[in-house]
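**Q** Have a look at this one.
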Amino acid sequence: MVWEFVMENNRPSSVDSLTTIIGGIPWGEILYRISNDLLVKQNSSGLERILRETAVFVITPVIGFNRFITGRTFRKSPSSPKHSYDFQVPLGIFGRNPMLAIHLKYKDALEKEDIRPYDYFTFDLQLRGGRKIIEGAEVFTSGLILGKKLNFSSGGRGLLGLFGEYDYLDSPEAGIGKMSAMGLGPGWTANYDFASKFFLHVSGILSGIIGGTTSSFALKYGGTFFDSYEKIYEFNRHGGSWHFGPGASARLNLEFGRNGLGSISTRFSQYWLRSIFIKTGEFLSVLALDLNYDLSRRVRLNIGVDHYWRNATYRDFLLREKTPFLHSSVVFRF
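Numbering (my numbering), first residue to last: 4 to 337.
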């Protein structure tokens, strides 16, 4: 709310107010966990301590400010609580653009008996450079709201419950414009680590969502496409064509590999939105396939392809667009 009404220098839009304020809840919790649980290390000192406290202030300024005025920024203690997580930073090329990404899986719920909201979450951020410095961006998040831990007879473990998600895509180079989706739904995650050093990680979520997306017809024919039909199609028509309404999403992630060698992984995401003002359906599918080769315990090579399908329907009109992108990167694991 502060961002929409105080920080920006233009009139707040209705759709931005909804997505920023409501979407700020899961984002706030995820950034809080990253700052307070993973970056803060009370027994660190010297340059490491300076870098950690600076990163906390950059990612979550309120936490950084509170730590400073209460003296915790400088206070040292014998130890800090340990948390379970996987953290990867890929650096490489996406299509023709430079790319930086962050993949974080926070896994405290798999180690605890008493599970609290967001004791398990995933956070995947990808930024792509270009003429505008940041040419494209994608964020995929999911967090466990409530659920139970699963232990399989084969030795695997996982979670089953209600998950929240907030996803955002801004990919002009892929021809899909902007899209946001926030919602709730059933989901699961399962991890199998076999005695032969092979592993299998599977997760999925099916959500009812509220979201917005750039009109496919406006992308194809221009922002005045619906004017000839005397239709109002935007939530707040003061810049850019934007469908807003309810919908559904589905996501499936799978990775199979061998420790010390590498893995093959795939991700499929499907979004469907129905405008609340006009009988238009917008469909977006994203399929990613990656090959990973481990150079060491901390560094791996990645090569893969991301494929985008964009479909839209209105009256007798049907639009279909598809765009593939090759990508490669060096992945640093922490």
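We put the CB at the ideal spot given by N, CA and C, even for glycine.
(1) What residue range does the alpha helix (DSSP H) around E51 cover?
(2) With burial defined as no fewer than 16 other Cβ atoms inside 10 Å of the residue's Cβ, what is the status of T192: buried or exposed?
(3) Please specify which runs of the beta strand (DSSP E), each continuous and at least 3 residues long, are wholly inside the segment 191-278, giving them in chain order.
(4) Quick check on A198: buried or exposed, where buried means 16 or more other Cβ atoms within 10 Å of its Cβ?
(5) So what does Y35 bridge to, in DSSP terms?
(6) Output the boundary residues of the beta strand (DSSP E) element that contains K151.
(7) For R323, which of helix, strand or coil comes out of DSSP?
(8) With H, G and I counted as helix, E and B as strand and the rest as coil, what does DSSP make of V302?
(9) Between the segment 139-147 and the segment 119-130, do three or more beta carbon pairs fall short of 8 Å?
(10) State yes or no: is the C-beta of Y224 within less than 7 Å of the C-beta of F280?
(11) Taking the continuous beta strand (DSSP E) assigned at K110, which residues delimit it?
(12) Whose CA, out of I25, G159, K152 and A251, lies closest to the CA of S278?
(13) If the criterion is Cβ atoms closer than 7 Å, does the pair S183 and G214 meet it?
(14) Check this for me: beta carbons of R336 and Q129, under 7 Å apart or not?
(15) Under DSSP, the beta strand (DSSP E) around L287 begins and ends at which residues?
(16) Rounded to the nearest angstrom, what separates N295 and L107 at their Cα positions?
(17) Suppose contacts are defined by Cβ-Cβ distances below 7 Å. Is V59 in contact with S38 by that definition?
(18) Using only the alpha-carbon positions, how far apart do S331 and P249 sit?
(19) To which residues does DSSP link V92 through a beta bridge?
(20) Does the structure place the segment 313-322 close enough to the segment 69-85 that three or more beta carbon pairs sit under 8 Å?
(21) Which one of R55, S272 and T57 has the shortest CA to CA distance from N256?
(22) What span of residues does the beta strand (DSSP E) with T125 cover, start to end?
(23) At which residues does the beta strand (DSSP E) containing E168 begin and terminate?
(24) Assess contact between the segment 195-210 and the segment 154-171, defined as three or more Cβ pairs (one per stretch) separated by less than 8 Å. Is contact present?
(25) Secondary structure at D309, three-state DSSP: helix, strand or coil?
(26) Count the other CB atoms within 10 Å of the CB of P93; is the residue buried (16 or more) or exposed (fewer)?
**A** Considering the structure as presented:
(1) Note, E51: alpha helix (DSSP H), G49 to I62.
(2) So T192 ends up on the buried side.
(3) Within the segment 191-278, the complete beta strand (DSSP E) runs of at least 3 residues are 201-217, 245-261 and 265-277.
(4) Classification for A198: exposed.
(5) Paired residue(s): none; Y35 is not in a bridge.
(6) For K151, the uninterrupted beta strand (DSSP E) run begins and ends at I136 to N154, by DSSP.
(7) Three-state DSSP puts R323 in a strand.
(8) DSSP places V302 in strand when its eight states are reduced to three.
(9) Touching, yes, given that three or more Cβ pairs across the two stretches are closer than 8 Å.
(10) Not a contact, by the Cβ cut-off of 7 Å.
(11) For K110, the uninterrupted beta strand (DSSP E) segment begins and ends at N100 to K110.
(12) Minimum Cα distance to S278 is reached at A251.
(13) For S183 and G214, yes; Cβs fall inside 7 Å.
(14) The Cβ atoms of R336 and Q129 lie no closer than 7 Å to each other.
(15) Note, L287: beta strand (DSSP E), G284 to D297.
(16) Each residue's CA atom was taken as its position, placing N295 and L107 some 17 Å apart.
(17) Yes, these two residues count as a Cβ contact at 7 Å.
(18) Their backbone Cα atoms lie some 35 Å apart in a straight line.
(19) DSSP output for V92 lists F335 as bridge partner(s).
(20) Below 8 Å, too few C-beta pairs join the segment 69-85 and the segment 313-322 to call them touching: fewer than three.
(21) Closest in C-alpha terms to N256, from the list R55, S272 and T57, comes S272.
(22) Start and end: Y123 to G133.
(23) Note, E168: beta strand (DSSP E), R160 to S174.
(24) The segment 195-210 vs the segment 154-171: in contact.
(25) Residue state, collapsed to three classes: strand.
(26) Counting Cβ neighbours within 10 Å, P93 comes out buried, since at least 16 surround it.
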